[in-house]
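S.K.: Sending over a structure as structure tokens; questions will come in a sec.
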């Protein structure tokens, strides 16, 4: 019996010793090397790990400038075993101008997604309950190609807790020209009715409606404000919000160009990134 207890203790200590810390993950992230999954079991544990991970990235990538909302479709939520979106933090050095050229291996497990940003005008957004209310408290809609990094080694668990811990994969993103917001119901509805076009090497590969993100992309901002409030936090003027992905992700390929165009009512915009 004593031998069994000793063996159990050795195994338990080895497991603890192998547990990856937030500082360890920073090292993997910098090295663009697939990492073992953080040993987190709940989204709350994931958020605690994320906060320390992001703090470790700040001296390298810059201060927080906003948030990203991930898992904004029911199908993706079901795939990863959750029933709501997840949130991460965007840092200043993650954001690039449209037309940027980046390495195809910009991260450990790099992917490319069509996305969309909004910029917060004032703290009233924290009380918004409808897209029509949200547009009164944002001043820009910004075309955005997100370049996430899923970070983890093949076969490691990807679920709500671990995805939260790795900061929902935030790594890089390419910004198009901002589109001024009109604080009207028509503008809010136009975002739901929007068509998002994705091309690779000038060939159209995907067309996705704006409503693919929670029925209206602005609903992601509402969810984010409510989730932050549960944790004693709030959105503030100047924060940017990545609202979620339109359609499937792509793997970056050296020598290719990824373009996203947005058409909603009388408004529109685009963003482009090339890979080397």
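Residue numbers (the numbering used here): 77 to 352. Note that CB positions come from ideal geometry on N, CA and C, so glycine has one too.
(1) Just how far apart, CA to CA, sit residue 165 and residue 120?
(2) State buried or exposed for residue 243, treating a residue as buried only when at least 16 other CB atoms are found within 10 Å of its CB.
(3) Apply the 10 Å Cβ neighbour rule to residue 264 and answer buried if 16 or more other Cβ atoms are within range, or exposed otherwise.
(4) Kindly list the residues whose CB is nearer than 6 Å to the CB of residue 290, restricted to its own chain and excluding five residues on each side of it in sequence; keep chain order.
(5) Apart from the five residues on each side of it in sequence, which residues of its chain come closer than 6 Å, Cβ to Cβ, to residue 299?
(6) Work out the CA separation of residue 267 and residue 214 for me, nearest whole Å.
(7) Among 326, 345, 340, which has the Cα closest to the Cα of residue 188?
(8) If you draw a straight line from the C-alpha of residue 323 to the C-alpha of residue 283, how long is it?
(9) Suppose contacts are defined by Cβ-Cβ distances below 8 Å. Is residue 173 in contact with residue 251 by that definition?
(10) Would you mind stating whether residue 141 and residue 316 have Cβ atoms separated by less than 8 Å?
(11) Checking the sheet assignment: what are the DSSP bridge partners for residue 186?
(12) Are three or more beta carbon pairs between the region 100-111 and the region 175-188 nearer than 8 Å?
(13) Cα separation between residue 241 and residue 270?
(14) If you reduce the DSSP assignment to three classes, tell me which class residue 342 lands in.
(15) From what residue to what residue does the alpha helix (DSSP H) around residue 241 run?
(16) Give a yes or no on whether the C-beta atoms belonging to residue 137 and residue 170 are separated by under 8 Å.
(17) CB-CB under 6 Å to residue 208, same chain, minus the five flanking residues each way: which ones, in chain order?
(18) Residues in its own chain within less than 7 Å of residue 96 by CB, not counting five upstream and five downstream?
(19) Within the same chain, show all residues whose beta-carbon is closer than 6 Å to that of residue 132, passing over the 5 residues directly before and after it, in chain order.
(20) By DSSP's criteria, residue 219 is part of a beta bridge. Which residues make up the other side?
(21) Is the separation between the beta-carbon of residue 238 and that of residue 350 shorter than 8 Å?
M.R.: Looking at the coordinates:
(1) 15 Å
(2) buried
(3) buried
(4) 148, 296
(5) 161
(6) Answer to the nearest angstrom: the Cα atoms are 13 Å apart.
(7) 326
(8) 8 Å
(9) yes
(10) Contact flag set, yes.
(11) In the DSSP output, where bridge partners are listed per residue, residue 186 has 225.
(12) yes
(13) Separation of residue 241 and residue 270 (C-alpha to C-alpha, rounded to the nearest whole angstrom) is 32 Å.
(14) Residue state, collapsed to three classes: coil.
(15) Segment 236-241, the alpha helix (DSSP H) holding residue 241.
(16) yes
(17) 261, 264
(18) Sequence-distant Cβ neighbours of residue 96 in its own chain, meaning closer than 7 Å and more than five residues away, are 111, 112, 114.
(19) 98, 99, 102
(20) 192
(21) no
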